[in-house]
Every structure is written in structure tokens, then in C-alpha cells.
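Here the structure comes first, spelled out in C-alpha cells, and everything after it is commentary.
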Amino acid sequence: MARMTAAEAAVHVLRKEGIDVAFGVPGAAINPFYAAMRQVGGIDHVLARHVEGASHMAEGYTRTKAGNIGVCIGTSGPAGTDMITGLYSARADSIPILCITGQAPRARMHKEDFQAVDIQAIAGPVTKWAVTVLEPAQVPRAFQQAFHLMRSARPGPVLIDLPIDVQMSEIEFDPDTYEPLPVYKPAASRAQVERAIAMLQEAERPLIVAGGGIVNADASDLLLEFAELTGVPVIPTLMGWGTIPDDHPLMAGMVGLQTSHRYGNATLLAADFVLGIGNRWANRHTGNVETYTRGRKFVHVDIEPTQIGRIFGPDLGIVSDARAALARFVEVAREMHQAGTLKDRGRWAEECQARKRTLLRKTHFDNVPVKPQRVYEEMNRVFGKETRYVSTIGLSQIAGAQFLHVYKPRHWINCGQAGPLGWTIPAALGVRRADPEADIVALSGDYDFQFMVEELAAGAQFNLPWIHVLVNNSYLGLIRQAQRGFDMDYCVQLAFENINCPEIDGYGVDHVAVVEGLGCKALRVTRPEEIAPALREARRMIAEYRVPVVVEVILERVTNMAMGTDLDGVTEFEALAENVEDAPTSIAALV
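According to my numbering, the sequence shown is numbered sequentially starting from -4.
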């Protein structure tokens, strides 16, 4: 049997499990692993500027294509702790990523050796498995188990910590005989699905709530077939956005306190039955649970048994992978369709579409400084149905969900539960590395943008381009809006007089100079009629320079986006659309 270092065996396992790229930052305690990657070959590497950035790159890579698993690598100590935010974000959204860290030698781990930290204990709560491998011969099997766990049941991240002497130890391992372990996914039974469809048949105004589990299971095709067979309208969650195209006649809008449509909330409140698949009833989707559940029956399908009943007890719970469940739902629905026993949902679907045509927010503002709604209107004009959007949190993301359009799964790439500032730039790098040809548009407010702006340099170095729309109001906008409830505007202003850039009139950071200093390109826009030409120019510049291009739009300082604490209590701070001219790129205007 072949002899090699444990690190080399681990790299062979990565290759056998389908890994051909990693994101990371080398360092002393992980250098043997990097030496093994160089020796074995076959794994490309993107050098991050921050190890947290590498973890978010891995997330973006995983989220872009079914079957992908992003890998991030860092040295010991602070590299591992830097990865915790990425692990938390991945765990919360059921995203498999593998974090690999170096560690002090085994004999010195308990002696406060340089950068020695118990990363296994620290990472445990935000991973499916965190392990410090103490026996060299266990290394390849630890990696085998990692992939098995990441792919099985509810997907999620794993951290493997490797003491430097473990990495360098020689072991016997035969890569040629290695095989990945079978993946376990629970599947709904025929009886469970028949019961759920019987409950749906009893309802007059049913809805399907499509969660991110459908995206993770690559089951959007089955969701669409089931909806079309039954005629039941679909409400995607923020993580499930794109499972049904926005312009589909059964797409009824998104529901929630922030990232939602007026027509989506109204339709949910009018429904009497909800079939949730691959969703977790997140509080920013449901709002007050009493309001959300009143007068409705619920079926909840989820891959994780402990998710069922976590927020409220459904009338029927089914533990199943979303694809396995939807395959059964389609099977039963086809039989009922052929037998002519499915209810006609045409009138209910038309009621939902009537709300979709009329309950709209205004986007066409000519104000200077620019109102944010106009930015999204112009984005809809310029970017087509193939665009992959990347965003994280803040008023920019909330407005994006209210006004942009998504037509395919994995075309709205968003960290849902964690929402860490700074996520967007490194995630966009991972998305680009996973999809070299797509139109990729990232969306940030100024604070999210500044958090990990250094990662733009990685985009320039490795020629990983995308268009980054930066909406700048020089504020922590979402926090400022939340502070209204405390009657204050405190410690949230980013504005200052920049002595090196007086032309931005007190908006603080000169983002154009920063972006260009990092090797990328940038355009600044101050008037609404300049937005679309700048976005088109950015597309041209990407083709010419193959680096990220930032389009900064200077916004009015204060805008309050629609939100509330209850689905029937969302406050509309801005004017509502009265005609198609008020919302010229709404779905109602485009179909």
C-alpha cells in the first residue's frame, strides 16, 4: 500500500470527493497541508485577504450549484476563530462547507503554544461536526466522514483541525480504492403524502410555502410540476426565492415583515391552508405567529425532525428531504389529475394574481439625491432573467427583495439567518468561481461594503469579475430605522467631511478611490437618469478588464423601507403605486 503524509492522504480524499478549488490563507501551522496540495495537484486555490472572507467564498461557491461543497483553509488560532462567522452562516442556512485548520503540535496543545486554541470546542455549536484529529492514520477517514455528514440529512458545515505533526506524519493509504460513503436522506412515505394532499383537497384557498430546502435539494423542477398539476399558488421564502419564476402565474409573492411583497402578505392572510416544504418558519417571514397561523391549517415537510414543531405545531408534520417528498407529491398528484379528482383552483389563483397586479409599491422617483427604489427599477431594466444576485443584509437587501425579480433557483444568493455584514463581496467571489460565465450582480449598502472591501483585491488578482451595486446613504440604514422606536439616531452615521474627496459632499469614504486602489474599477452616480448607463458601462468594463466593477449610487441620506412587526401591520413609509407608470418594472408591468 502507498505511503504518504496524512496531509497528502487528505488531499487525495478531497479530490475523490469532487473538490477542485479551495479558498484560504496559508500559515505556519497549515503549511504541510499546502505542501500536500502542491504535491498532489488538482486543487486550485484562491488566496483570500481575510480568513472569514475565505469561509464566505466557500459559502458562495456551495450555494451556486447543486452538489458543490466549498472548502476554506487557514492556519491555527485566529484563522479558526475567523472562520466561525462563516460556519455559523452556513449552519443556519443548511449549507455544506468544509473548514480545514492547522493546529499546534499535539504535545504542545495544552501548553498555551503559539496560536493554540481549542477550535473543536469553539466551532462545535455552529457545525455538524468539529474535530481535532489526533491520530495520523485517522485523517483520511475523518475527511471521508466529513463529506458523509455534510451531504446527509440536513446539510451543513464541518471543521477539521489538524495538528502540524499529524499533517506531516507518514501513513499507509490507497487513494485508488477510496469511495465516498453513501448519503442518507429521509424520504416521505406514500401514506404521508396522501394525507397531506387530502388536507389540501379540503381547503378552499391553499398555498405552498417553498423554502430553501427545495433549493438545497435541487427540487425546483418538482415544485413547479406539483404546483402546476394542482393549480396551487406558491409563496417562496427569501431562501426559496427563484424556486418558481417571479413571472409565473402561480407565483403569489413573498411574505414577511421586511423582504416581502404587499400582495404576498395579503394572499397569505387570505389563505386557509399552507403546505410548507423545506422552510423553517423564520420569524421575519411569519411575524407574529398568532396572526400567521390564525384560521389556517398547516402541513410542514422538512429534512430535520426537530424543525417540525419548533415554531408552532403543524396539523401534519413529515420528515423528508424536499426532493424525495416532492417526487411523492408529484406522483400522487399525477394520478389524481389523470383521474380528474383534483380541485379546480383557477378562481383562487386569479385572486392571487389580481393582488399581484394591484398591490404595488412605487419605484419611479426622480428625486436628487436618488431614492433607493429607483435604483432597483433601473436594475430591472438592465439585468435579465439569467442574472445571479448576491446580497446579505440591510435596507439594500430588503429593498432588493421588495423590488428585484428572480426567475431561477440559486439566482438569489443570500445568507438568510445569520446576515453578517461584509458577506457580500467574498460570497460573490465564490459565486463567480463556481460559475465563470453568469451575469453576477452583488448588492450592498455602504456599511456591508466596507466590512470586507479588501476581498476585492482577490477578485482583481484572480480575475473573478462581477458588477457590485453599492447604494450609499452614508448610514447604518437598517439600524437607524430600528432606532426610531427608541427615539434616537445614535452612533449610526457614517458621514464625515473627507478632506481628500470634497466632491462627495460629506458622504465620508471615497469608495471609488478605495476600489481603484484594490485593482478594480468603479463608477459613481448621483442622478437617477445616470443609473442605467452606468450599469451598462460596468458590463462593458467587466468584459474589457475582467475585474470587479463597482457602481456606487449616492442616495438620499434617510429612507425608511416598508416593514413592521406583523403581517397585517407593515408600515408603508413611501407612496404606493397608483398606476403602471409608478412601478414600470414591476412584474405586473413586465408580463
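Glycine included, each C-beta is placed from N, C-alpha and C at the ideal position. Treat the numbers as computed from the prediction; the structure is a model and nothing was measured.
For glutamine 253, no alpha helix (DSSP H) run applies, since DSSP gives it neither H nor E. Taking 4 residues as the minimum length, the alpha helix (DSSP H) runs contained wholly in the stretch 139 to 211 are 159 to 163, 185 to 197, 207 to 211, in order along the chain. In the DSSP assignment, serine 386 falls within the unbroken beta strand (DSSP E) covering 383 to 386. In this structure, the alpha-carbon of methionine 234 lies about 23 Å from that of proline 367. Residue range 526 to 540 is occupied by the alpha helix (DSSP H) that includes leucine 530, with no beta strand (DSSP E) assigned at that position. The residue from Gln98, Met558, Leu473, Val448 with its alpha-carbon nearest to that of valine 504 is Val448.
Residue pairing for tyrosine 502: DSSP places it in a beta bridge opposite Phe491.
Non-local beta-carbon contacts of aspartate 339 in its own chain, meaning distances under 8 Å to residues more than five positions away in sequence, involve Gly226 in chain order.
For leucine 217, the number of other beta carbons within 10 angstroms of its own is at least 16, and it is reported as buried.
Distance check between alanine 87 and each of Gly414, Tyr502, Glu567 places Gly414 closest, using alpha-carbon atoms only. When the beta-carbon positions are compared, valine 112 and alanine 74 stay at least 7 Å from each other.
Aspartate 561 and proline 244 have their C-alpha atoms some 27 Å from each other. Per DSSP, valine 6 has no beta bridge partner at all. For proline 421 against histidine 51, the beta-carbon gap comes to about 4 Å, under 8 Å, which counts as contact. DSSP places asparagine 26 outside any beta strand (DSSP E); the residue lies instead in the alpha helix (DSSP H), whose first and last residues are 26 to 35.
With contacts defined by Cβ atoms closer than 7 Å, serine 386 and threonine 419 form a contacting pair. Around the CB of lysine 516, 16 or more other CB atoms lie within 10 Å, so the residue is classed as buried. Going by DSSP, alanine 17 is part of the beta strand (DSSP E) stretching over 16 to 19.
About 5 Å separates the CB atoms of valine 294 and leucine 311; that is less than 8 Å, so the two are in contact. Look at isoleucine 272 here: in three-state DSSP terms it is strand.
For alanine 517, the uninterrupted beta strand (DSSP E) run begins and ends at 516 to 520, by DSSP. Under the Cβ criterion (8 Å, minimum of three pairs), the stretch 201 to 218 counts as touching the stretch 314 to 333. The alpha-carbon of alanine 570 is positioned some 52 Å away from that of glutamine 115. Using a Cβ-Cβ distance cut-off of 8 Å, the stretch 90 to 103 and the stretch 147 to 159 are in contact, since at least three pairs of beta carbons, one from each stretch, lie closer than that value. Put simply, of Gly304, Leu337, Arg350 the residue whose alpha carbon is nearest the alpha carbon of leucine 264 is Arg350. With contacts defined by Cβ atoms closer than 7 Å, alanine 53 and phenylalanine 28 do not form a contacting pair.
Valine 545 and leucine 465 do touch by the CB rule: their CB atoms are close to 5 Å apart, below 8 Å. Contact between the stretch 252 to 271 and the stretch 547 to 562 is present, with at least three C-beta pairs closer than 8 Å. Under the 8 Å Cβ criterion, the stretch 133 to 147 does not count as touching the stretch 102 to 112, having fewer than three qualifying pairs. Under the three-state reduction of DSSP, threonine 96 is assigned to strand. If you look at aspartate 77, you'll find it in the alpha helix (DSSP H) that goes 73 to 77. Methionine -1 is bridged by DSSP to Ile166.
Rounded to the nearest whole angstrom, the CA to CA distance from alanine 118 to proline 91 is 14 Å. With respect to the C-alpha of glutamate 567, the residue from Val575, Pro579, Asn574, Thr554 having the closest C-alpha is Thr554. Contact between histidine 463 and alanine 429 is absent: CB atoms are separated by about 17 Å, not below the 8 Å threshold.
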